[in-house]
Amino acid sequence: MGRAGTGTGGEAVAAVVAGPLLLLLLARPPPASARDSGKSEVGLVSEHFSQAPQKLSFYSWYGSARLFRFRVPPDTVLLRWLLQVSREGGTACTDAEITVHFRSGAPPVINPLGTSFPDDTWVRPSFQVRVPLSAALLSNASVNVSHPAPGDWFVAAHLPPSSQKIELKGLAPTCAYVFQPDLLVTRVVKISIMEPDVPLPHTLLSHPSYLKVFVPDYTRELLLELRDCVSSGSLGCPVRLTVGPVTLPSNFQKVLTCTSAPWPCRLLLPSPPWDRWLQVTAESLVGSLGTVTFSAVAALTACRPQSVTVRPLLQSSQNQSFNASTGLPSLSPDHQDLGRSGRVDRGPFCLTNYPVMREDMDVVSVHFQLLDRVSVRVCPNTPSMMRLRLNTGMDSGGSLTISLRANKTEMRNETVIVACVNAASPFLGFNSSLNCTTAFFQGYPLSLSAWSRRANLIIPYPETDNWYLSLQLMCAENAEECEQAVVHVEATLYLVPCSNDCGPYGQCLLLRRHSYLYAGCSCKAGWRGWSCTDNSTAQTVAQQRAAALLLTLSNLMFLAPITVSVQRFFLVEASVYAYTMFFSTFYHACDQPGEAVLCILNYDTLQYCDFLGSGAAIWVTILCMARLKAVLKYLDRRGIWNMLGPCLFAFVIMASMWTYRCGHRRQCYPTSWQRWIFYLLPGISMASVGVAIYTSMMTSDNYYYTHSIWHVLLAGSAALLLPPPDEHSEPWTCSQKFPCHYQICKNDREELYTVT
Numbered sequence: 000m001g002r003a004g005t006g007t008g009g010e011a012v013a014a015v016v017a018g019p020l021l022l023l024l025l026a027r028p029p030p031a032s033a034r035d036s037g038k039s040e041v042g043l044v045s046e047h048f049s050q051a052p053q054k055l056s057f058y059s060w061y062g063s064a065r066l067f068r069f070r071v072p073p074d075t076v077l078l079r080w081l082l083q084v085s086r087e088g089g090t091a092c093t094d095a096e097i098t099v100h101f102r103s104g105a106p107p108v109i110n111p112l113g114t115s116f117p118d119d120t121w122v123r124p125s126f127q128v129r130v131p132l133s134a135a136l137l138s139n140a141s142v143n144v145s146h147p148a149p150g151d152w153f154v155a156a157h158l159p160p161s162s163q164k165i166e167l168k169g170l171a172p173t174c175a176y177v178f179q180p181d182l183l184v185t186r187v188v189k190i191s192i193m194e195p196d197v198p199l200p201h202t203l204l205s206h207p208s209y210l211k212v213f214v215p216d217y218t219r220e221l222l223l224e225l226r227d228c229v230s231s232g233s234l235g236c237p238v239r240l241t242v243g244p245v246t247l248p249s250n251f252q253k254v255l256t257c258t259s260a261p262w263p264c265r266l267l268l269p270s271p272p273w274d275r276w277l278q279v280t281a282e283s284l285v286g287s288l289g290t291v292t293f294s295a296v297a298a299l300t301a302c303r304p305q306s307v308t309v310r311p312l313l314q315s316s317q318n319q320s321f322n323a324s325t326g327l328p329s330l331s332p333d334h335q336d337l338g339r340s341g342r343v344d345r346g347p348f349c350l351t352n353y354p355v356m357r358e359d360m361d362v363v364s365v366h367f368q369l370l371d372r373v374s375v376r377v378c379p380n381t382p383s384m385m386r387l388r389l390n391t392g393m394d395s396g397g398s399l400t401i402s403l404r405a406n407k408t409e410m411r412n413e414t415v416i417v418a419c420v421n422a423a424s425p426f427l428g429f430n431s432s433l434n435c436t437t438a439f440f441q442g443y444p445l446s447l448s449a450w451s452r453r454a455n456l457i458i459p460y461p462e463t464d465n466w467y468l469s470l471q472l473m474c475a476e477n478a479e480e481c482e483q484a485v486v487h488v489e490a491t492l493y494l495v496p497c498s499n500d501c502g503p504y505g506q507c508l509l510l511r512r513h514s515y516l517y518a519g520c521s522c523k524a525g526w527r528g529w530s531c532t533d534n535s536t537a538q539t540v541a542q543q544r545a546a547a548l549l550l551t552l553s554n555l556m557f558l559a560p561i562t563v564s565v566q567r568f569f570l571v572e573a574s575v576y577a578y579t580m581f582f583s584t585f586y587h588a589c590d591q592p593g594e595a596v597l598c599i600l601n602y603d604t605l606q607y608c609d610f611l612g613s614g615a616a617i618w619v620t621i622l623c624m625a626r627l628k629a630v631l632k633y634l635d636r637r638g639i640w641n642m643l644g645p646c647l648f649a650f651v652i653m654a655s656m657w658t659y660r661c662g663h664r665r666q667c668y669p670t671s672w673q674r675w676i677f678y679l680l681p682g683i684s685m686a687s688v689g690v691a692i693y694t695s696m697m698t699s700d701n702y703y704y705t706h707s708i709w710h711v712l713l714a715g716s717a718a719l720l721l722p723p724p725d726e727h728s729e730p731w732t733c734s735q736k737f738p739c740h741y742q743i744c745k746n747d748r749e750e751l752y753t754v755t
């Protein structure tokens with residue numbers, strides 16, 4: 000079931016606003032003693048990372064957000080983002096509020112438009128802060144995170160949702176909002192290593208101490224324990240342990256306070272993250288003058304995995320089983336390297352590991368498939384596990400798609416298959432809980448039953464890590480009869496750039512930030528959402544066809560000025576109007592967002608020809624009214640000067656010529672009041688209304704109607720404003736013939752000479 004929204008992740012969050020500075024403290028930063036005088040004792044060093052600024056855009060789809068990726072080094076105890084937003088463009092620019100999203104391990108999944116996500120998509124709310132930019136041209140903010148997870152951290156920033164108003168380039172004020180994040184990192188270089196089952200004596204002073212323990216693969220539980228605690232300033236054991244890193248948007252960091260806890264003080268972590276160092280921070284609670292001594296013990300309980308071998312590969316190696324998750328031969332379960340002193344269960348197997356092969360298909364496109372089989376054998380007593388390696392650093396920009404299908408004949412009414420998808424370590428506690436929660440990760444649950452034998456899960460932008468799919472057969476009733484039950488489940492596992500390829504009304508686009516690639520859906524025809532599945536504002540097929548017909552057939556109005564031009568022998572003007580009508584018709588036929596699309600040429604070619612024709616039609620109409628001897632043309636596609644520049648220049652020329660004729664003839668020009676009443680004033684009115692609609696009233700929603708009206712008004716005004724023909728003049732006469740068969744033809748009306 001899809002869940003979407005925006006908000007803040009984590010519990011220990013406090014915000015302080017002072018003027019333009021927003022200070023957000025997540026969890027607890029190291030005390031002042033650790034950042035100042037204690038640096039020499041605990042060994043803290045600082046590093047600074049920066050990225051080039053980017054110009055922000057108003058949000059319309061994920062490509063509108065500006066993405067930054069930072070690499071947080073290991074053993075980091077504090078990171079601080081310095082966020083700087085500047086505005087360029089003068090006083091005409093409006094105030095804005097910039098939204099900044101943060102996430103560890105993958106780009107943040109955001110939803111500023113409040114659209115719906117596809118079915119079976121699980122989305123956790125993003126962690127965000129807002130930076131206002133009002134009277135000041137520069138605004139700053141900072142975000143602090145204590146004990147951050149090492150690896151990739153992503154920052155995404157954008158302006159509020161766009162207004163959907165179509166503004167002509169050069170007419171609206173040009174405002175640039177520039178965003179630049181800097182990262183300050185404080186990491187510890189003096190850190191104590193905790194070996195399994197080996198007490199580590201430690202003395203706490205005013206500053207915190209940093210420890211870490213390595214958690215190998217197949218660790219079932221991690222037990223942290225404080226022993227022999229003695230305090231000089233108070234009774235008991237005034238020690239606070241902070242275990243695990245902070246990740247955003249979710250934070251599962253564990254805090255153990257031993258002041259009033261029963262002795263010995265313990266913290267049990269089921270399914271801790273595999274194959275990585277786990278951070279542990281110890282702080283004294285007796286103040287700056289007291290000391291606390293204790294012994295810290297880390298006990299690992301490793302499960303006994305049963306690995307499914309691959310028969311074709313055994314033919315070349317009879318004494319080894321093949322672990323396809325790593326791509327290397329592995330020893331039997333009894334000889335697994337599970338830590339130097341970790342305890343290994345000698346009882347039944349804790350899980351059955353099914354080898355999975357990773358097949359890279361394309362950019363941000365991976366196919367995971369089981370080796371030597373098409374289904375997974377799911378039993379009631381032991382979880383079945385598959386490892387999906389998404390830890391290359393380039394896999395977090397797509398969507399992880401998981402589809403499960405149970406065998407119909409093997410499913411009974413009383414049996415249910417429960418599955419969990421987790422990062423860092425698998426969920427193994429099906430017998431005690433079904434919440435899919437490991438030590439530091441909230442997993443995604445799936446279930447299969449006799450009534451619902453299929454289950455799907457889509458995870459946009461999965462965190463960079465090893466992901467695990469674990470399944471187990473559960474029996475609600477008659478558990479004894481269910482002990483021997485077995486169900487085979489087919490698993491389809493993909494990493495794709497866009498879920499369902501953005502559907503029929505979207506386009507999957509690959510975005511890039513330096514060397515990092517990620518994908519997003521650009522929607523059309525009113526469809527919205529992460530995968531273009533939100534049809535709340537979608538256009539029906541009838542609306543799409545009506546819009547296409549309006550925008551194309553409205554150009555037939557140009558037949559009127561073409562006819563008038565031909566009758567009055569304005570052949571250049573007639574050709575310009577015919578050119579404009581042709582390319583405007585087929586440009587708008589190609590510019591449709593839905594199914595009613597027809598492109599006879601490349602889209603950019605049609606667009607350029609349409610803009611060129613529109614400007615040229617206005618140009619020749621005004622210059623024809625001025626009765627000039629020559630035509631000057633200058634066009635700049637898309638910009639306001641595409642029309643305004645040539646039109647103003649032509650208007651000045653026309654006004655000058657009319658003024659000259661008025662002075663020369665000593666009467667108003669044109670001289671006929673009928674010409675003013677029935678042609679010029681209606682034509683000017685139509686042109687004025689058309690310009691007003693074109694420059695200020697067009698939006699994305701009413702574009703089909705307003706732009707069609709613009710076509711009608713432009714063509715109608717051109718037909719009315721064209722001047723009458725000259726009296727007693729033949730259109731073309733040839734004055735001389737040459738033996739070389741070239742003809743120099745004289746146009747008495749235009750007084751121009753052309754070679755034909």
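Using numbering that gives the first Met the number 0, you'd call the opening residue of the sequence shown number 0 and step up by one each time. Cβ atoms here follow ideal geometry from the backbone N, Cα and C, with glycine treated the same way.
CB-CB length for residue i against residue j, believed under 8 angstroms
| i | j | result |
| --- | --- | --- |
| residue 216 | residue 273 | 5 angstroms |
| residue 128 | residue 140 | 7 angstroms |
| residue 301 | residue 218 | 5 angstroms |
| residue 228 | residue 291 | 7 angstroms |
| residue 137 | residue 56 | With a Cβ gap of about 19 angstroms, residue 137 and residue 56 do not count as contacting. |
| residue 455 | residue 402 | 5 angstroms |
Among the options, nearest to residue i - alpha-carbon criterion
| i | options | result |
| --- | --- | --- |
| residue 102 | 432, 221, 461 | 461 |
| residue 296 | 213, 587, 519 | 213 |
| residue 475 | 184, 433, 681, 59 | 433 |
| residue 823 | 247, 220, 601, 285 | Nothing in the structure corresponds to residue 823, since the chain is present only between 0 and 755. |
| residue 621 | 569, 131, 124, 468 | 569 |
| residue 115 | 596, 382, 530, 444 | 530 |
| residue 161 | 366, 96, 122 | 96 |
| residue 46 | 142, 359, 184, 697 | 184 |
| residue 603 | 614, 619, 618, 585 | 585 |
| residue 481 | 411, 429, 449 | 411 |
| residue 42 | 672, 190, 130, 174 | 190 |
| residue 176 | 649, 307, 157 | 157 |
Sequence-distant residues of its chain with Cβ nearer than 8 angstroms to residue i (five each side left out)
| i | result |
| --- | --- |
| residue 545 | 703 |
| residue 485 | 376, 377, 378, 409, 472 |
Simplified DSSP state of residue i, which is helix, strand or coil
| i | result |
| --- | --- |
| residue 46 | strand |
| residue 486 | strand |
| residue 434 | coil |
| residue 318 | A caution first: residue 318 carries a pLDDT of 42, below 50, which makes its placement in the model unreliable, though a value can still be read off. Residue 318: coil per DSSP, three-state reduction. |
| residue 300 | strand |
| residue 756 | Outside the modelled stretch of the chain, which goes from 0 to 755, sits residue 756, for which no answer is possible. |
| residue 273 | coil |
| residue 705 | helix |
| residue 206 | coil |
| residue 440 | coil |
| residue 394 | coil |
| residue 580 | helix |
| residue 763 | Summary: the structure shown does not reach residue 763, with the chain confined to residues 0 through 755, and so no result is reported for it. |
| residue 620 | helix |
| residue 587 | helix |
| residue 226 | strand |
Contacting residues, own chain, Cβ-Cβ under 6 angstroms from residue i (five flanking each side not counted)
| i | result |
| --- | --- |
| residue 287 | 205 |
| residue 468 | 385, 420 |
| residue 111 | 58, 160 |
| residue 252 | 243, 245 |
| residue 459 | 108, 398 |
Neighbourhood of residue i by C-beta distance below 7 angstroms, restricted to the same chain and skipping five residues each side
| i | result |
| --- | --- |
| residue 688 | 712 |
| residue 405 | 416, 447, 452, 486, 488 |
Three or more C-beta pairs below 8 angstroms linking the stretch 414–421 and the stretch 68–81
No, they do not touch.
Across the stretch 269–289 and the stretch 241–250, are there enough close Cβ pairs to call them in contact, namely three or more that are closer than 8 angstroms?
Contact between the stretch 269–289 and the stretch 241–250 is present: three or more C-beta pairs spanning the two stretches fall below 8 angstroms.
Are the stretch 391–406 and the stretch 514–526 in contact at 8 angstroms, needing three or more beta carbon pairs?
yes
Do the stretch 524–532 and the stretch 553–572 make contact, defined as three or more Cβ pairs closer than 8 angstroms?
no
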